[in-house]
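In what follows, a single structure is set out as structure tokens and then discussed.
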Amino acid sequence: MGPVGGICDPITVSTDALGKMRTLMAEEGLGDVYLRIWVGGGGCAGFQYGFCFEGTTEPGDRVIDKDGVRVVIDPLSLPYLMGVDIDYRDDLKGARFVVKNPNARSTCGCGNSFSA
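Heads up, the sequence shown is in the numbering used here, so the first residue is 292 and it goes up one at a time.
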């Protein structure tokens with residue numbers, strides 16, 4: 292993590308993940324959008340990650356530019372996402388975004404949910 296505008300950058304996103312995000316935006320014909328990443332209740336470990344594209348932000352959202360991909364995190368999710376690494380993998384387990392979260396006390400087998 293490095294400083295962005297004097298503020299510590301809360302997440303890292305791999306080159307593969309950024310490439311896939313750009314591909315998805317192009318395939319969907321999405322113009323000027325944000326990639327929202329959030330944490331919500333659910334999943335087999337208590338919390339789960341969510342990703343979606345949105346055209347606007349909400350008050351209090353943290354917007355982070357990642358090589359032209361604008362990532363948005365809401366203030367409630369931010370503490371759970373501090374320090375995460377987001378990657379994209381396409382292997383025998385399938386194509387998926389993978390979140391490595393140093394704040395997680397445990398994760399489920401699929402990696403889509405965690406406990407804090």
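Positions of the beta carbon are idealized from the N, C-alpha and C atoms, including for glycine.
| In whole angstroms, what separates the C-alpha of residue 312 from that of residue 367? | 23 Å
| said: If you follow the alpha helix (DSSP H) that residue 314 is in, where does it begin and where does it stop? | reply: 306-318
| C-beta atoms of residue 316 and residue 338 nearer than 9 Å | no
| said: Quick check: what's the CA-CA separation for residue 408 versus residue 323? | reply: The question about residue 408 has no answer here: the residues shown for the chain are numbered 292 through 407.
| request: Go through its chain and collect everything with a Cβ distance to residue 325's Cβ below 8 Å, but skip five positions before and after it. | output: 344, 345, 346, 347, 348, 354, 361, 362, 363
| field | Nearest-angstrom Cα separation, counted from residue 393 out to residue 327 | value | 20 Å
| message | Using C-beta distances below 8 Å, list every residue in its chain close to residue 301, excluding the 5 sequence neighbours before and after it, in chain order. | response | 292, 353, 355, 364, 369, 372, 373, 374, 375
| task | Spatial neighbours of residue 391 within its chain, please: CB distance less than 6 Å, with the 5 preceding and 5 following residues excluded, ordered by chain position. | result | 376
| request: Pick helix, strand or coil for residue 369, following the three-state DSSP scheme. | output: helix
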